[in-house]
Structures are given as C-alpha cells and as structure tokens.
Amino acid sequence: MVRADITTTDIAESPLLQVAGLSVEIARAGGEIRPVDGVDLEIRSGETLALLGESGCGKSMTALALARLLPDGGRIAGGSVRLGGENLLALPEAAMRKVRGGRIGMIFQEPATSLNPVMSVGAQIVEALAVHGLRGEAAREEACKLLEAVGIPDPARRLREYPFQFSGGMKQRVMIAMALAGRPHLLIADEPTTALDVTIQAQVLDLLAGIQRREGMAMLLITHDLGVVARMAHRVGVMYAGQVVETGPRADFFTAPLHPYSRKLFAALPGTEKRGSPLDAPAGSVPPLDRSFVGCRFAERCPMAFDRCDEESPAWHHVGVQAVRCHLYEGVSVPRALEMQVAVGVPEARSGGSQAVLEVRDLAVHFPVRKGLLQRPVGYVRAVDGVSLRLMPGRTLALVGESGCGKTTVGKAILRLIEPSAGKLLLDGEAYSALPRQALHALRRAVQMVFQDPFASLNPRMRVGEIIAEGLQALGVETDPNTCQVRVAELLERVGLSGDMRWRYPHEFSGGQRQRIAVARALAVSPRVIVCDEPTSALDVSVQAQLLNLMRALQHEQQLAYLFITHNLAVVEYLADDVAVMYLGRIVEEGPLARVLGASAHPYTRALLAAVPRLGEEEERGDASAEEEHAARAAQMIELPSPLHPPAGCHFHPRCPLASDVCRASYPGTTELGHGHRVRCHWPQTQPQTRV
20 MVRADITTTD IAESPLLQVA GLSVEIARAG GEIRPVDGVD LEIRSGETLA
70 LLGESGCGKS MTALALARLL PDGGRIAGGS VRLGGENLLA LPEAAMRKVR
120 GGRIGMIFQE PATSLNPVMS VGAQIVEALA VHGLRGEAAR EEACKLLEAV
170 GIPDPARRLR EYPFQFSGGM KQRVMIAMAL AGRPHLLIAD EPTTALDVTI
220 QAQVLDLLAG IQRREGMAML LITHDLGVVA RMAHRVGVMY AGQVVETGPR
270 ADFFTAPLHP YSRKLFAALP GTEKRGSPLD APAGSVPPLD RSFVGCRFAE
320 RCPMAFDRCD EESPAWHHVG VQAVRCHLYE GVSVPRALEM QVAVGVPEAR
370 SGGSQAVLEV RDLAVHFPVR KGLLQRPVGY VRAVDGVSLR LMPGRTLALV
420 GESGCGKTTV GKAILRLIEP SAGKLLLDGE AYSALPRQAL HALRRAVQMV
470 FQDPFASLNP RMRVGEIIAE GLQALGVETD PNTCQVRVAE LLERVGLSGD
520 MRWRYPHEFS GGQRQRIAVA RALAVSPRVI VCDEPTSALD VSVQAQLLNL
570 MRALQHEQQL AYLFITHNLA VVEYLADDVA VMYLGRIVEE GPLARVLGAS
620 AHPYTRALLA AVPRLGEEEE RGDASAEEEH AARAAQMIEL PSPLHPPAGC
670 HFHPRCPLAS DVCRASYPGT TELGHGHRVR CHWPQTQPQT RV
C-alpha cells in the first residue's frame, strides 16, 4: 500500500469549499441542541481535509449541514457554506438537489443500511445517474464503467446482482461508485472504513486516493482513526464539542499536535510501547451540547486547565503553519512542547499458570447448504475447519483475520451458542462439547461473551440492572433480590459507571457505556474465561482506551483468560500475550505476540501487517520491504474465497505472491519455528521483521 501524495502544485490556490461560522440547532422537547457551533473550514481542489474527534463532537452533523441534509427539527442557525464561490445556504431546495450527488458526493459509514436491499446494484447507480440527466442504455453503460472504475470485476454481470450478494468491502465500493456518478467536485466520506477489516480498509483507501488523484476532487474525510489520517490527509482539523479546536498540515500535526485534546488522542492510542501501563485516555466524555458554554469546552477534561479556561472561551492563535483554539498559546509564535505525561510501560510477563483453563481441539463448524423441495444438503460451508486453541489463566489470546474467516463462529462454538460439527471443547480438562444443553450451567458460569454490538446484545425493554441481574438469577449465583441489587450496583461501579444507572434503559447510554454494561453482565457470574468479539471496533480512540484499561485491570485482578477476536492490530499489540492468525476456517500461524507480529512467517500475516495504516506514514513507509508491499497488494486485489468452495491445496494460494505448484496441490502441514511459534505454509518466510 503506497501513499498517494499530492504535491502542492496539484492543489488549487483558492479554496473550493469555504465554511465560515457554521452553526446547527436541533429542536427537541427538552430544549435545543447545538451540535455544530461556529465551524470554519476550507478545502482546496485535490486536497483531503481529515476531520478528527470523538463520537458526539459534531463531525457527521457538520458533513450533513454542508449538504443540507439535517434531521427533522434541525436548522442552520448561522454561517455560510460556499462551494466554488456559490453560497449553498441561499439556494432553493430544487437547486440544492442538483448539488447533492452532483457537485457534492457522499459516502456514508454503513453501506449495508445505505443501499436499498430490494433493488439491484445497477438500478441504484442508474437512479443516481438519472438525477443528472443520463437515462436508458447510456446510463447502464456509465454504471458499468463506474463499477469498473472502483475495481469490481465482471461489472456487467454484477450490475444485475443485489447488495446481499456483495461483501462489505464490495458494498463500500458500490457506494463510492454511486457517489462518483455525478462527478463531484467535493467528496464527503463519513467514516468510510470504520467497520472494515485491515485489508478491505486498505482497498477502500487506495481506491479513494487513486480517484482523487485522477479527478482532482476535494475530499472531507471524517474519521477517528489516526492511522487513516496519516495515510490519507493533507490537512487535519480536530473537532471537540461542536467546535474545531486545531487545524494544520498533516506532517506538522503529527510532529507537534498543539491542543491538549489532540495530544490526549495520541496518548490514548494502544501499541506495544505502552504495554504494562494504562492508556492515558482523556477522562470523562464529550459534554452534552444542549447547554451554554462559558469557557473552554475541554476544560473539564484538560490536565492543563487553569482559572481562565473556565471563565473565557479561547480565541484562535496561529503557531507557525498551525492554528489552535487554546489559552496556552497566547503570544506563542512557534510550536512548543506541552509538558504532558504520557504513560509508557514495559512489556509484561504474564504467566497465570501452566494449565489451560479452556482448550479447543480440532474444532469444526460446517453449515449445510440445502436445496430442492426436500431441502437435502448439497454442500457444506466450512466456517471453522479444524481449529485448536489453548486459553491460559491471566493471559490474552488474540484471534485475528479478515471478516468472513470464521473468528466469530469459533467464539460462539466455544460457548455452544453454535453447535460444533466435530472436535473437542475442554474446560479444566473436562470435555463439554457433547454435554446436553441442560447440563451446561457450569460452562455458562465459567465462560462468558462480550459481543461486538452492545446495543444489539442488550434487551432494549429491560433496565440495565435487570439485564445484569438476569444472569445472576438464571445461573443460581444470587437468588435474594436485595443482595442481587447490591451486587448489580457494585458491578456498575467496577466498570466505571454509577450504581444509580441500573434504573436506566440501554438507549440512554453512549456506545462506550453500553459496552461497559456488557462487560459488567459478563463479570456478574464470576467467569474465568471471557470471549470478546470485536468489543472495540465501533468505539472511538478515547472510549476504546477506557475499555482496554478496564479489561486489563480486571484481568490482572481476577486472572481472567481472554479470547480477544479482532482485526485491530494496534489493540492486539497492546493487550495480547499470544496471537492466532485465522484464514478461511483454519489457523495459519500462531505463537507469542512478539514472534507472530515481529517475525511473522506466513505471507498472509505479513499481508495483514502491511495493510495496516500506521502513524509514521506521514513521513515515510520505510518499514515494509518490497516483498511485503507486493504481498499486501496481491491479498487486497482478490476477495476472500467462499468457505463453501475453498481453493484446493493451501487456501491462501490464489492471493499469495509466493505460491507454487505444491501450494496448489496440498494443504501445508505445521512447521515448528521454536518458542511456541507455529506456521502452516510450504514456504515460511524466516527473515525477521521489526514491527514489534
């Protein structure tokens, strides 16, 4: 993955988009909310401005305001939005419809909810083209060209298919094709890669960079991922509580972030260098935007706040080529280092004992594919095909791989939420894979699960206290109602919430708070193993840091064993002790963290590492060899094969740059590389890497 830099000569001198004093108000029963309050932005043609910040800062509402797509009750309370010199806020709605999808294209965060499930992909692209006057055969030809432009193979055939027939990455490509239908001057991309795994994310980012380079369009990229910012942005804007608090060129921002909030975002990033210490996440959360602010909006969470911060809103100060809204920079003309403590630890050695608390031996989960009137099986989806794992007390095993490789199915099969087709599951050496469901109470108490989407896993009709107490009562841990209430309050306090919050419903909490509630529910029955299925994937960097700190502290206190399912390798580097890399239902590489990520031997592991956008890319790629770059591009160009019809031989060979005839003929056996490091590859790469 090579960064597509655009030089200053490629970027227009005068701004294409000029936003001045933009404010948005949303009416509600309890009063007005002001999610955007005096935002100033400029973007030039050929330039990408990345807008950073936590959830609730107003980033997405700013994007919707630019296209005048506000929710019910919303109105633009002030300011101006000029595109190519024309004030969009003065246009009638009929004229604005031509601007949307024409001069302004939008890519939303979740393509599955943005695409119509009952219309073919081609019909949806043709519909977008019809708004701009292209119909009939000409529209279909243009739709085919758009799909081809975004890298979808066999576009003529796939135009007739429906969204459910596309993978997550392919659906996001379709969204990009629809956004490009009107040949926009400005593309707004709202968290376009948040829910995607690293290789699909790399595809989408490369695609956007390539299109921008060809078309010379401006891009507003909304994200909370600093790695994506390092990969894509020319300039950066940091947003907090409805206001932009810092702006500057990408390189200067990553070299010397100025605002205390920006520095806290960097301090909250997980990584190997911070193992053994809590992440320095900003305390608390973004303040509610239904109140009037007197002083600095970040003062309540700022470690450097003083009296003036509470009494007076800071003005903009220019420091070199950067600008910052902070009292600390009054009278300062050159960047200076703020004296802020950032926790840096030493890698921990966590043993927790030599006896595995839970063991998985040759686990298989095959789903039958049935057809015909009698629904006879005509094949099997081999979601999990011979996986073996050992979970040790007090240690974390990270299970990584692309979406669709079978990670979540492994987690659910361990809890018998999905019945295994073959293999053994052992708890303290005792097999439970063949026990009847009514005999699984001991398993339910010993092994719990934290799901990816806490909102979907919490009953919306039950209060939080009832949700946590349900497990205590169902498994006979605590039957007395009064004692149960005390236990629930203690659990909520333990995960950083108030005991009084047990009377609230799930919708009254933020995403990070809901995930804490899910952790409290898992802890209620005093488990010894917790299966964590992508628990941080939808969280911004500060909330993610708070949750990781909590999980690390709980593991240290209670010697919990974690199976941490994720595609976020930075989280793996911070939290995991051991790593297993999964591809198409099988483990292809496993071992201690430093060996698997620092001296990875399988081409697939190396492709995953090469696809991760990392801080430092703003200066140079440097740490990836040409061979790794080739492997990453090869893996990204081909979609994950179907587990219904896996490739013969090594499953990875169609995407592997090192594949030979033996790879196409037989699946490789296990090669022991020492120190518990194992790989299944005919041609393991043994030259060291220096990533971890």
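The sequence shown begins at 20 in the working numbering and counts up one residue at a time. Beta carbons are placed, not taken as given, at the ideal position from N, Cα and C, and that holds for glycine. Predicted model, so just to flag it, every value in this text is computed and none were measured.
Original post:
Can you tell me where the alpha helix (DSSP H) with residue 285 in it begins and where it stops?
Top reply: That run of the alpha helix (DSSP H) goes 279-286.
Subject >> Chain-order list of residues whose beta-carbon lies under 7 Å from that of residue 684 (same chain, five-residue window excluded) >> reply: 668
Original post:
Start and end of the alpha helix (DSSP H) containing residue 472?
Top reply: Taken as a continuous stretch (DSSP letters only), residue 472 belongs to no alpha helix (DSSP H), as it is neither H nor E.
**OP:** Provide the residue(s) that pair with residue 335 in DSSP beta bridges, ordered along the chain.
**Re:** 344
**OP:** If I'm right that residue 404 touches residue 383 with Cβ under 8 Å, what's the distance once you round it to whole angstroms?
**Re:** 6 Å
Subject >> 8 Å Cβ shell around residue 346 - same chain, five flanking residues per side excluded >> reply: 315, 325, 327, 328, 331 and 333
Original post:
Distance, Cα to Cα, residue 417 vs residue 101?
Top reply: 48 Å
Original post:
Cα separation between residue 151 and residue 171?
Top reply: 23 Å
Original post:
With residue 207 and residue 39 assumed to form a contact (beta carbons below 8 Å), what rounded beta-carbon distance in angstroms separates them?
Top reply: About 18 Å; that fails the 8 Å criterion.
Subject >> Residue environment, residue 281, which counts as buried when at least 16 other CB atoms sit within 10 Å >> reply: Its Cβ being crowded by 16 or more others within 10 Å, residue 281 is buried.
Original post:
Quick one: Cα of residue 456 to Cα of residue 248, how far?
Top reply: 48 Å
Subject >> Coarse secondary structure for residue 35, derived from DSSP in three states >> reply: coil
**OP:** With a threshold of 16 other CB atoms inside 10 Å of the CB of residue 311, please say whether the residue is buried or exposed.
**Re:** In summary, residue 311 is exposed, with fewer than 16 beta-carbon neighbours lying within 10 Å of its beta-carbon over all protein chains present.
**OP:** Using the DSSP secondary-structure output, state which residues sit across from residue 585 in a beta bridge.
**Re:** Paired residue(s): 419.
Original post:
For residue 700, which three-state DSSP category applies?
Top reply: coil
**OP:** To the nearest angstrom, report how far apart residue 303 and residue 520 are at their CA atoms.
**Re:** 16 Å
**OP:** Could you round the C-beta distance between residue 351 and residue 601 to whole angstroms and report it? I think they count as a contact, below 8 Å.
**Re:** That belief does not hold up - the Cβ atoms of residue 351 and residue 601 are roughly 50 Å apart, past 8 Å.
**OP:** Would you kindly work out how many angstroms separate the C-alpha atoms of residue 709 and residue 175, rounded to a whole number?
**Re:** Residue placement at residue 709 is poorly supported in this model, since its pLDDT is 46, which falls under 50; the coordinates still yield a value, given next. Looking at the two C-alpha atoms, the distance is approximately 44 Å.
Original post:
Taking all protein chains shown into account, do 16 or more other C-beta atoms lie within 10 angstroms of the C-beta of residue 423, making it buried, or fewer, making it exposed?
Top reply: Its Cβ being crowded by 16 or more others within 10 Å, residue 423 is buried.
**OP:** Could you pull out every unbroken beta strand (DSSP E) segment of at least 3 residues lying fully inside the stretch 397-458, listed in chain order?
**Re:** 415-419 and 441-446
Original post:
Buried or exposed: where does residue 505 fall if 16 or more other Cβ atoms within 10 Å of its Cβ makes it buried?
Top reply: Label assigned to residue 505: exposed.
Subject >> C-beta atoms of residue 265 and residue 342 nearer than 8 Å >> reply: One thing to note: residue 265 has its Cβ within 8 Å of the Cβ of residue 342.
**OP:** Starting from residue 244, follow its DSSP beta bridges and name the residues at the other end.
**Re:** Paired residues: none, contrary to the question.
Original post:
Is the beta carbon of residue 491 less than 8 Å from the beta carbon of residue 503?
Top reply: yes
Original post:
Among 129, 243, 597 and 236, which one has its Cα closest to the Cα of residue 188?
Top reply: Closest by alpha carbon: 129.
Subject >> Residue nearest to residue 198 in terms of C-alpha spacing, selected from 123, 480 and 163 >> reply: 123
**OP:** Quick one: grab the DSSP three-state call for residue 568.
**Re:** Of the three classes helix, strand and coil, the one that applies to residue 568 here is helix, per DSSP.
**OP:** Given a cut-off of 8 Å, decide if residue 271 and residue 340 are closer than it, judged by their beta-carbon atoms.
**Re:** yes
Original post:
Per the contact definition of three or more C-beta pairs closer than 8 Å, is the stretch 459-479 in contact with the stretch 526-535?
Top reply: yes
Subject >> Those residues which DSSP pairs with residue 385 across a bridge >> reply: Partner(s): 401.
Subject >> residue 574 versus residue 162 - alpha carbon distance >> reply: 52 Å
Original post:
If you draw a straight line from the C-alpha of residue 377 to the C-alpha of residue 584, how long is it?
Top reply: 16 Å
Original post:
Secondary structure at residue 319, three-state DSSP: helix, strand or coil?
Top reply: Note: residue 319 maps to helix in three-state DSSP.
Original post:
Per the contact definition of three or more C-beta pairs closer than 8 Å, is the stretch 547-559 in contact with the stretch 509-518?
Top reply: no
Original post:
Looking at C-alpha atoms only, which residue of 242, 192, 577 and 205 is the closest neighbour of residue 225?
Top reply: 192
Original post:
If residue 627 sits next to residue 218, beta carbons under 8 Å apart, how far is it from one beta carbon to the other, in whole angstroms?
Top reply: About 7 Å separates the Cβ atoms of residue 627 and residue 218, confirming a contact at the 8 Å cut-off.
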